[in-house]
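*Asks:*
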Amino acid sequence: MLGIGSGTALYCSALDRSAWRAYEAVEEAWIRDRHALLVEQCPDCADAAAIDLELKLAELQRRALQFEYVSKHNPRLLQGGMWQLASIPLSDAELGKMASASAMYRKQDALVRRLSDTLRQHPDYDNFHRAQTRLWKTPDYHSVHRKYSGRLQELNRIFAGIEAGGL
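Taking our numbering, the leading residue of the sequence shown gets 88, the next gets one more, and so forth.
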């Protein structure tokens, strides 16, 4: 792997299923760590936080289905490294095609929408939202986020063929 210059790197190939599984494990740990910190900070928000946890995990599953779709139909879109897996690059038209072709995707998308609506309508939603905003400013959150970011950087080096100095 040759770097073009300082701070620049080339990507070798599209991310594969093993890269997704590694990313998914890191992402799920991050989701669960955030949830635990939030419940610790705001025990009164536990019910709304539980819905949020379920929502974030459902969104991750929906992204897994999107990843599979892109892997099969346009793997060149998966050459940007691990960071892009936070939001799979699909157009509205491609999302429509996925929904038309996959009952599993439709079901997962409906679950995400239902959980999102349930969370917004929860009586403790405003309290939960304020607690979440406070959490983002805490040293514990920043520590957990640094751990998450570091793990993603390591995955980038391993799976996307990025030079260690490129990040």
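C-beta atoms are modelled at their ideal positions from N, C-alpha and C, and glycine is treated no differently. Computed from a predicted model, the values in this text were never measured in an experiment.
My assumption, with CB atoms under 8 Å, is that ALA218 sits in contact with LEU125. Please give the rounded CB distance.
*Replies:* Correct: roughly 6 Å between the Cβ atoms.
*Asks:* Should MET191 go down as buried or exposed, given a rule of 16 or more other Cβ atoms within 10 Å for buried?
*Replies:* Under this definition MET191 is an exposed residue.
*Asks:* Excluding the 5 residues flanking LEU140 on each side, which residues of the same chain have their C-beta closer than 6 Å to its C-beta?
*Replies:* So the qualifying residues of the chain are HIS122.
*Asks:* Using 8 Å as the Cβ pair cut-off and three pairs as the minimum, do the region 237-246 and the region 169-182 touch?
*Replies:* These segments touch.
*Asks:* Tell me which same chain residues have a C-beta within less than 8 Å of the C-beta of LEU202, skipping the five on either side of it?
*Replies:* Here the set comprises ILE138, GLU141, LEU142, ALA145.
*Asks:* Output the distance between the C-alpha atoms of LYS159 and SER230, rounded to the nearest integer angstrom.
*Replies:* Taking the straight line joining both Cα atoms gives about 37 Å.
*Asks:* Rounded to whole angstroms, how far is the Cβ of ALA135 from the Cβ of ASP204, which I believe are closer than 8 Å?
*Replies:* ALA135 to ASP204, Cβ: 13 Å. No contact.
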